Structure formats: structure tokens, C-alpha cells
Amino acid sequence: MPVLEKSAGEKEEIEPLTLSGIPVRLIYGPEDLSPIGFETAIGRPGRYPFTRGLKSGGYRTGHWTMRQFAGHKTAKDTNERFKYLLAHGETGLSTAFDLPTLMGLDSDDPRSLGEVGREGVAVDSLADMEALFSGIDIAKVSTSMTINLPAPILLCMYLAVAKKQGVPFKRVRGTCQTDILKEYIAQNEYLFPPEASLRIVLDTIEFCVREVPRFYPISISGYHIREAGADAVQELAFTLADGREYVERLIKRGLGVDDFASHLSFFFDVHNYFFEEIGKLRAARRIWATMMKEEFGAKREISWMLPMHCQTAGVSLTAQQPLTNIVRVAYQALAAVLGGTQSLHTNSYDEALSLPTDQAVRIALRTQQILAFESGVTDTPDPFGGSYYLESLTDEIFSRSSALMKKIKDLGGVVPAIEKGFFHREIAETAYRFEVDLAEKRRKIVSVNVFASDSQRPKILEIKNSVEARQVRSLKKLRKSRDNDAVKKALARVKDAALGTTNILPSIMEAVESYATVGEIISVLKDSFGECPVFGN
Numbered sequence: 155m156p157v158l159e160k161s162a163g164e165k166e167e168i169e170p171l172t173l174s175g176i177p178v179r180l181i182y183g184p185e186d187l188s189p190i191g192f193e194t195a196i197g198r199p200g201r202y203p204f205t206r207g208l209k210s211g212g213y214r215t216g217h218w219t220m221r222q223f224a225g226h227k228t229a230k231d232t233n234e235r236f237k238y239l240l241a242h243g244e245t246g247l248s249t250a251f252d253l254p255t256l257m258g259l260d261s262d263d264p265r266s267l268g269e270v271g272r273e274g275v276a277v278d279s280l281a282d283m284e285a286l287f288s289g290i291d292i293a294k295v296s297t298s299m300t301i302n303l304p305a306p307i308l309l310c311m312y313l314a315v316a317k318k319q320g321v322p323f324k325r326v327r328g329t330c331q332t333d334i335l336k337e338y339i340a341q342n343e344y345l346f347p348p349e350a351s352l353r354i355v356l357d358t359i360e361f362c363v364r365e366v367p368r369f370y371p372i373s374i375s376g377y378h379i380r381e382a383g384a385d386a387v388q389e390l391a392f393t394l395a396d397g398r399e400y401v402e403r404l405i406k407r408g409l410g411v412d413d414f415a416s417h418l419s420f421f422f423d424v425h426n427y428f429f430e431e432i433g434k435l436r437a438a439r440r441i442w443a444t445m446m447k448e449e450f451g452a453k454r455e456i457s458w459m460l461p462m463h464c465q466t467a468g469v470s471l472t473a474q475q476p477l478t479n480i481v482r483v484a485y486q487a488l489a490a491v492l493g494g495t496q497s498l499h500t501n502s503y504d505e506a507l508s509l510p511t512d513q514a515v516r517i518a519l520r521t522q523q524i525l526a527f528e529s530g531v532t533d534t535p536d537p538f539g540g541s542y543y544l545e546s547l548t549d550e551i552f553s554r555s556s557a558l559m560k561k562i563k564d565l566g567g568v569v570p571a572i573e574k575g576f577f578h579r580e581i582a583e584t585a586y587r588f589e590v591d592l593a594e595k596r597r598k599i600v601s602v603n604v605f606a607s608d609s610q611r612p613k614i615l616e617i618k619n620s621v622e623a624r625q626v627r628s629l630k631k632l633r634k635s636r637d638n639d640a641v642k643k644a645l646a647r648v649k650d651a652a653l654g655t656t657n658i659l660p661s662i663m664e665a666v667e668s669y670a671t672v673g674e675i676i677s678v679l680k681d682s683f684g685e686c687p688v689f690g691n
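Residues in the sequence shown are numbered from 155 upward in steps of one, following my numbering.
So, in C-alpha cells, the structure goes:
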């Protein structure tokens, strides 16, 4: 047999790695398919273990929900953006709250100074939530709210608006993030000790299972874990480990797994390594289906399903040559669709610089619409299914993520692993390796460490200081005009519920409807539960 010799100066071939460090061979073949058999491991679309998607018809029976993250300045300003997006074809609302709201602070709190309305919408009370959805029929729209620490408060505000519109809770659709475990793991927007926080989350899920059956009370989130520096395997493992923790605790409460499983939803990041992201979403469904059926004994097919929302990777956007982000987002969105997402948010090209402008958010929405109506990728479910490379990659992600989940379980579960600093160490090490690879150009980012050039800064959305002053004036006016005796009594009932064992949501609903503020309710809960130290320091 002749041997091909390397020519002078020819470089030794280096085996490439995915962003999770999975080696990529030059060629894949039938020998790389799962040893347990194609049909057993992969199945068909719409059938257990749902590797190939939740619906047998894929998107032929209906497109994913198209959402654009929206929230800036005041509720009135964001209401205008909501209506703008709906007028341009958005099919679901997605609400971004400002930092004070995320942290359970009122706009007039000294700690809120300089942050009101800057990274999302300021919502202090039911009055703001009423303004946020003014002229929008809650019966006809699905709304997602990215909120965690004060999630039950914002949910109760949304339900109070539905009630005022005459919409029965059983018709309310949408999602509230509520995933406090990922805050301890990655984002650090928490206040109470883990057990108290988990009690509030479980109360919220239980309340919605019984009272708001079409609403997802939790979106178990890997997105923020990935944005903090985790790779695809870690994102998947940590997210599904969090999901397992919630399931175990709900069962211990006495809820039947088939009564609540279909009320759980998930949220994933879609990053730059195209095939790895598709494989991750396929592996996620397989792991969850297997776990729910075999480990928890769920009997209903819907209980085995993992419904997901995806968002393109904010951390991948570059401030340099920002128009290149349009291309990044398009490929990431394509990966999400080929991975079978149920809901999708596409980032705007200017988000590395500021909150998105109207033009940028419209282009991001049009990206989804072009995929849905022009590309043809929706004509058949899981069109890459059976690809030797993709199936091998899906199997490898499945195996690596499953092994990492077992490691978390061996540490005693998610909460002990948090307390031991496991997640922080894992994410920090991965983020460090990525930065080293960038510095040494083993990883390349166009416009950053390759093909860099000067680029004109686009017009950005600027938030003026007058926004904060306006919001604070409105809040002070509310405090004077409301029935403060009713507020005081409602807050006392929140405290009684927190110190007791009854579900806390009804008392929060009463407080919200008396126009108690987010900060006031959180303050009562803090007095009841105490504060938690920062983990991972």
C-alpha cells in the first residue's frame, strides 16, 4: 500500500474539539451509532425518548413561539415595545426586568440608584404591571417573565391583571422563570437561604398546578449557567440536575409526579458550535425522558417530555463589528430550530453595547420569520436525524452529561454541591480555559482575535437619568394614594404564611392587590427567612 508523505512545511493535523472539549474525528460512519441500536436510542419524532422532538409532525403542525426579550425604562415604555413587536409578528411576549426588580428592591431604595429602568423594565407594584399590559389581552397572549428571587410576587401581579381583565386563571398562558437554584450556581441574584428559597419555588409550582394549569410556573434554566462560562455538557448536566432536585422535593411534598411533571419547562442557551448545540438539545430530551420514566416512575407520556425555550448566546455577541452578530444569531437560531425548540428568542445585534433599538430587535425577529417561512427547515422534523456525526455527538453529550449528573448526586444533590462550591469551581475552570484558548487563538472569534478592524458604533438605545426620577415620583405618589392600612394587614398575613406551613402565594396575591410593593413584600420575607451568604467566595 502506498503511503502519502507530508510535503515540506505541512503542519501536523490537530484534532479539533467542540466547545465542550469533545474530539471531532475527520469521518464518521455506521460504527459510530449507539451500540444499543438506532431505533432504541433515538426513536422517532414524537415518541419516547423524544430525542428527535416532542411532536411527530415537528413544525409542520405549528411553528415555535417567537419571543423577543423586551423591557426598558418604565412600564409604559415597555408596553409600547410589546405592541411594536406584536405588530411585527411576534407570537409571545418575553419580559426583561431591571436589576432592582430582579433583586426585590423598590425603585426608591438607595441601593437602586443608577439602575432603575436601565437593563429592563422597572416594576414596583401592581400599578406598573397594569401599565405594562395596558391594551394587551392576556387571554390571547403567552407571556414569559424572566424573574427569580421575587418571581411569585411578579406572577401574582400578572394574575391580578388577568383578574382585572376578566380572564380566568385557567386561561392564562406563559412562563415564570422562578429557578432559584441556578441563581446560587451562576447568577447570584438570591437573598434567602436555599431551603427557604426552595420552599417559595415549590409553593409557586404547587399553586399553579392547581390554579393556573396552562401556565409554566418554572423555567429550569441552563442559559445563565452557560453565560457564566459553562460549556454545553455542564449546562445540560447542571440544568437537569436542578430539574431532578425540584422533582424530588415536589414528590416529598406529596404531589404525584404525573400531576406536576407537565408543568415544568426548561431554558437553554444556543451557542456558536452548531452541531454540538443541536446534539445538546436532543440529548436533553433523552436524559429527561429516561429519568422521568425509569427513575421517578412517571406513567403519562406528557410527563416524560421536556418542553424548552431557547435563546441565542448573549455572551457570544461582540461589541466589535456588531453587525457580524446578525450572522451569529442566525446560525444559533437555526441550531435551536433543528434541535426542536418550542420557543425561541433571538438576540439583537447591538446587545453587546446596550439594550436593543427598535431596528435591531426587528431584524432579530425577522431572523426567526425567515427561518420559519423561507428556509424549508420546518418541512420535516429532525432533518439531521441519522447523521453519523450528529448521532455520535448526541450520544457523547448524553454520556458526559449523565456522568456529571451522577457526580452531583453522589455529592448529596444540588444544594450540598452548591454549599461545597462544586458548581462555581467547575464553571470558573471552564471559563478560564476558554479565555486562554482565545488568547492563544486556539479558539477564534471573528472581529475579536481574528479579522479585527475598526467599525462604526451603531446608534444605541440610551436610558436617561430622568427615567429613574419619573419612576420614583410615580412610586411615591402610589404610596400616598393607596389604602396603607390594607397594605399593612396584607403584609402581616404574608409574614404569618412565611412563618407557617401554608402555601404563601394566596397571601402574596392579597398583598399585591392592595398595591404593596415588591420591596415591601421581599422585606417581610427577609425578616421571616433571613439572608444567605454568597456562595463560592
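Where a beta carbon is used, it is the ideal one built from N, C-alpha and C, also for glycine. None of these values were measured; they are calculated from a predicted model.
Rounded separation between residue i and residue j - CA only
{"i": "Ala670", "j": "Cys310", "result": "12 Å"}
{"i": "Ile675", "j": "Glu594", "result": "50 Å"}
{"i": "Pro687", "j": "Pro347", "result": "8 Å"}
{"i": "Ser210", "j": "Pro203", "result": "12 Å"}
{"i": "Val678", "j": "Ser373", "result": "25 Å"}
{"i": "Ala651", "j": "Lys406", "result": "20 Å"}
{"i": "Ile196", "j": "Ala384", "result": "26 Å"}
{"i": "His217", "j": "Gly566", "result": "40 Å"}
{"i": "Lys680", "j": "Pro306", "result": "14 Å"}
Close beta carbons around residue i, own chain, < 8 Å, minus the five adjacent residues each side
{"i": "Leu240", "result": "Leu247, Ile290 and Val295"}
{"i": "Arg214", "result": "Thr532, Asp533, Thr534 and Pro535"}
{"i": "Asp591", "result": "Arg597"}
Unbroken beta strand (DSSP E) run spanning residue i, endpoints
{"i": "Met311", "result": "Element bounds for Met311: not the beta strand (DSSP E) but the alpha helix (DSSP H), Ala305 to Lys318."}
{"i": "His378", "result": "Here His378 belongs to no beta strand (DSSP E); instead the alpha helix (DSSP H) covers Tyr377 to Glu381."}
{"i": "Thr329", "result": "Arg327 to Cys330"}
{"i": "Thr534", "result": "No beta strand (DSSP E) contains Thr534, which DSSP labels as neither H nor E."}
{"i": "His578", "result": "Element bounds for His578: not the beta strand (DSSP E) but the alpha helix (DSSP H), Phe576 to Ala593."}
For residue i: DSSP bridge partner residues
{"i": "Leu171", "result": "Pro177"}
{"i": "Cys686", "result": "Its beta-bridge partners do not exist; DSSP assigns none."}
{"i": "Ala250", "result": "Thr300"}
{"i": "Phe605", "result": "Phe605 is not bridged to any residue."}
{"i": "Asp373", "result": "For the sequence presented, residue 373 should be read as Ser rather than Asp. Partner(s): Ser419."}
{"i": "Arg221", "result": "Gly246 and His499"}
{"i": "Val275", "result": "Phe251"}
{"i": "Val424", "result": "Thr466"}
Terminal residues of the alpha helix (DSSP H) in which residue i lies
{"i": "Arg235", "result": "Ala229 to Ala241"}
{"i": "Cys362", "result": "Pro348 to Glu365"}
{"i": "His499", "result": "No alpha helix (DSSP H) holds His499; the beta strand (DSSP E) holding it covers Ser497 to His499."}
{"i": "Ser556", "result": "Tyr542 to Asp564"}
{"i": "Met283", "result": "Leu280 to Leu286"}
{"i": "Thr466", "result": "Note, Thr466: premise wrong, no alpha helix (DSSP H); beta strand (DSSP E) at Met462 to Thr466."}
{"i": "Asp504", "result": "No alpha helix (DSSP H) holds Asp504; DSSP gives it neither H nor E."}
{"i": "Met663", "result": "Leu659 to Glu667"}
Residues of its chain near residue i, where Cβ-Cβ distance is below 7 Å and the 5 sequence neighbours each way are ignored
{"i": "Pro156", "result": "In this predicted model, Pro156 has a pLDDT of only 39, less than 50, meaning its place in the structure is not dependable; the value taken from the coordinates is given anyway. None."}
{"i": "Leu404", "result": "Leu356, Ile359 and Phe414"}
{"i": "Ile480", "result": "Tyr503 and Ile517"}
{"i": "His417", "result": "Ile359, Cys362, Val363, Tyr370 and Pro371"}
{"i": "Val321", "result": "Ile292 and Ala293"}
{"i": "Arg398", "result": "Met445"}
{"i": "Lys230", "result": "Ala285"}
Beta-carbon contacts of residue i that lie in its chain and below 6 Å, excluding the five residues immediately before and after
{"i": "Leu558", "result": "Ala391"}
{"i": "Arg325", "result": "Ala293"}
{"i": "Met220", "result": "Glu244, Thr245 and Gln522"}
{"i": "Ser266", "result": "Pro254 and Leu259"}
{"i": "Thr172", "result": "Tyr427 and Glu430"}
{"i": "Gln341", "result": "His378"}
{"i": "Gln319", "result": "Ile292"}
Residue i classed as buried or exposed, judged by whether at least 16 other C-beta atoms fall within 10 angstroms
{"i": "Lys598", "result": "exposed"}
{"i": "Ser635", "result": "exposed"}
{"i": "Ile168", "result": "exposed"}
{"i": "Gln610", "result": "exposed"}
{"i": "Val275", "result": "buried"}
{"i": "Pro177", "result": "exposed"}
{"i": "Leu158", "result": "Because the pLDDT of Leu158 is 44, which lies under 50, any placement of that residue in the model is unreliable, and the number read from its coordinates should be weighed accordingly. By the 10 Å Cβ count, Leu158 comes out exposed."}
{"i": "Gly451", "result": "exposed"}
{"i": "Thr656", "result": "exposed"}
{"i": "Phe605", "result": "exposed"}
{"i": "Glu664", "result": "buried"}
{"i": "Tyr338", "result": "buried"}
{"i": "Asn691", "result": "Annotation note: pLDDT 47 at Asn691 (below 50); position unreliable, coordinate value reported separately. Asn691 comes out exposed."}
{"i": "Ile562", "result": "buried"}
{"i": "Gln625", "result": "buried"}
{"i": "Tyr312", "result": "buried"}
Residue-chain proximity (residue i, chain C), Cβ-Cβ < 9 Å
{"i": "Thr671", "result": "This model lacks chain C altogether, as it is built from one protein chain only."}
Residue i beta carbon near the ligand PLP (any heavy atom closer than 8 Å)
{"i": "Ile354", "result": "The ligand PLP is not among the ligands present in this structure, which contains no ligands whatsoever."}
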